[in-house]
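Throughout the sequence shown, residue numbering follows our numbering, covering 16 to 315 in sequence.
One structure below.
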Amino acid sequence: MTERIAIIGAGLAGLSAARALTAAGHTPVVFEKSRGLGGRLATRRTEFGPIDHGAPGIPESVPISGETWPGADASMRQTGLPGVSALARKLSDGVEIRTQVEVQPLMRAGAAWALTDQAGASLGVFDRVLVTAPPVQAAALTAADAGLAAEVETAKMSPLWTLLLAFADPTGLEQDVLPLEGALSKAIPMLAKPGQTGLERWTVHASEAWSEANLELEKDDAAQALFDAFREQADVPGEPDYLAAHRWRYARVRLPLGRPFAANADASLIAGGDWALGDLASHAVESGKAMAARVLDAAG
Numbered sequence: 016m017t018e019r020i021a022i023i024g025a026g027l028a029g030l031s032a033a034r035a036l037t038a039a040g041h042t043p044v045v046f047e048k049s050r051g052l053g054g055r056l057a058t059r060r061t062e063f064g065p066i067d068h069g070a071p072g073i074p075e076s077v078p079i080s081g082e083t084w085p086g087a088d089a090s091m092r093q094t095g096l097p098g099v100s101a102l103a104r105k106l107s108d109g110v111e112i113r114t115q116v117e118v119q120p121l122m123r124a125g126a127a128w129a130l131t132d133q134a135g136a137s138l139g140v141f142d143r144v145l146v147t148a149p150p151v152q153a154a155a156l157t158a159a160d161a162g163l164a165a166e167v168e169t170a171k172m173s174p175l176w177t178l179l180l181a182f183a184d185p186t187g188l189e190q191d192v193l194p195l196e197g198a199l200s201k202a203i204p205m206l207a208k209p210g211q212t213g214l215e216r217w218t219v220h221a222s223e224a225w226s227e228a229n230l231e232l233e234k235d236d237a238a239q240a241l242f243d244a245f246r247e248q249a250d251v252p253g254e255p256d257y258l259a260a261h262r263w264r265y266a267r268v269r270l271p272l273g274r275p276f277a278a279n280a281d282a283s284l285i286a287g288g289d290w291a292l293g294d295l296a297s298h299a300v301e302s303g304k305a306m307a308a309r310v311l312d313a314a315g
């Protein structure tokens with residue numbers, strides 16, 4: 016009998032686990048609290064064109080068949096069209112995904128687990144649940160198993176502010192990744208990526224220290240502060256025609272778990288993600304596949 020399997024989170028780890036389980040003959044259900052898929056593989060649609068405001072790309076070693084970005088760092092040499100979020104859509108083919116569902120802390124139902132949504136409605140009872148949320152959220156979801164929750168909490172993540180810019184008139188800046196300093200870490204032009212055309216668009220990543228210190232800043236204030244810092248360092252002429260900021264509360268892995276996942280004694284509850292192994296997108300994929308393999312092993 017095929018086991019009932021739920022996966023919480025439709026980022027790279029959750030989707031990688033779902034594909035591996037689907038290929039093995041299971042039909043997992045993926046629950047995602049956002050409208051979109053991919054987690055930090057995120058693209059903002061604007062009237063000026065798409066702007067990738069999370070991970071700029073993923074390593075070529077991740078088997079998704081994206082667009083190759085020859086000049087990019089090895090950690091982000093594969094991207095998507097019209098934006099990086101297209102990579103997540105490729106991974107989701109053939110997988111049952113329910114979006115805009117915020118799963119509440121799990122409850123035991125005999126040997127299985129009962130899931131409810133934000134309104135208290137039942138989402139079903141599952142033999143195994145894979146949790147791929149960031150460690151703080153994963154610990155809350157798995158609180159019914161205190162040992163597992165405590166293990167998950169040992170992993171730590173840092174926040175990241177990103178700045179999104181578009182210009183109707185060219186700035187004259189070189190369309191290449193710019194290393195920055197101080198409040199900023201780097202600026203990434205969309206026009207440097209394969210297949211991108213149209214108006215000039217940028218994503219500027221704040222530094223980890225600035226993001227941590229200004230975590231609760233209002234978005235408009237963060238956008239203006241980051242643009243002022245970018246204009247000063249890059250000598251940007253004039254004002255942007257599109258200016259926005261996005262806060263990733265859990266973006267960079269500061270202290271990984273140190274293994275691909277954490278699991279309870281009977282492997283009915285498993286937690287993982289990039290935070291289990293490190294900062295790279297390939298770490299999320301590796302964790303997702305390892306979680307799926309553990310489920311298959313436990314299911315016999």
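Backbone N, C-alpha and C fix where the C-beta goes; we use that ideal spot for every residue, glycine too.
All values derive from a computational prediction rather than experimental measurement.
Looking at the secondary structure, which residues open and close the beta strand (DSSP E) in which residue i lies?
i	result
S200	199-204
W263	257-270
A181	171-182
R123	122-124
H220	215-221
V45	44-47
G287	284-287
A159	Run containing A159: none; DSSP gives neither H nor E here.
I73	Unbroken run through I73: none, as it is neither H nor E.
I23	20-23
F332	In this structure the chain extends from 16 to 315, so residue 332 is not present and cannot be described.
A57	No beta strand (DSSP E) contains A57, which DSSP labels as neither H nor E.
A278	276-278
Taking Cβ to Cβ, would you say residue i is nearer than 9 angstroms to residue j?
i	j	result
A57	V45	no
A266	M172	yes
T131	V146	no
G288	S297	no
K201	Q115	no
W176	G197	no
V167	A153	yes
T218	I20	no
L232	A240	yes
A134	P150	no
I112	M91	no
G29	H261	no
L36	A286	no
V99	G53	yes
S137	A129	yes
L292	R274	yes
V144	T186	no
Hey, out of the options, whose CA is closest to residue i's CA?
i	options	result
G51	A103, T94, F63, E196	A103
E82	P194, A38, T94, D281	T94
E254	A127, E215, A25	E215
D142	L272, G293, K304, T17	T17
L178	P275, W263, V110, D294	W263
L188	L195, P174, P204	P204
A280	D256, K105, G293, D160	D160
Q368	A291, P194, Q211, G213	The requested residue 368 is not part of the displayed model; the chain covers only 16 to 315.
K304	E75, S80, L106, A89	L106
A155	A25, H220, D191, E117	E117
P85	L270, S31, D191, G40	D191
G315	A25, G24, H41	H41
I79	D108, E227, A228	D108
Using the C-alpha atoms, what's the distance from residue j back to residue i?
i	j	result
L258	R60	13 angstroms
G162	S283	14 angstroms
A313	D184	58 angstroms
I22	V77	20 angstroms
K208	R309	37 angstroms
Q119	P97	33 angstroms
A126	L199	49 angstroms
D236	F242	10 angstroms
A164	L272	12 angstroms
R55	A299	11 angstroms
A181	G64	8 angstroms
R246	L121	47 angstroms
L27	P71	14 angstroms
E223	P174	7 angstroms
A87	E75	11 angstroms
G6	L206	Given that the chain is displayed from residue 16 to residue 315, the structure contains no residue 6 and the question cannot be resolved.
W290	H220	20 angstroms
A38	E227	40 angstroms
Quick check on the DSSP output: the alpha helix (DSSP H) that includes residue i runs from which residue to which?
i	result
R37	The sequence given here has Thr at residue 37, not Arg. T37 -> alpha helix (DSSP H) spans 27-38.
F245	234-249
A313	296-314
Is there a Cβ from chain D that is less than 9 angstroms from the Cβ of residue i?
i	result
S49	Structure shown: chain D not included; a single protein chain is present.
Could you name each continuous alpha helix (DSSP H) segment of 4 residues or more that falls completely within the segment 89-147, going from the start of the chain to the end?
101-107, all fully within the segment 89-147.
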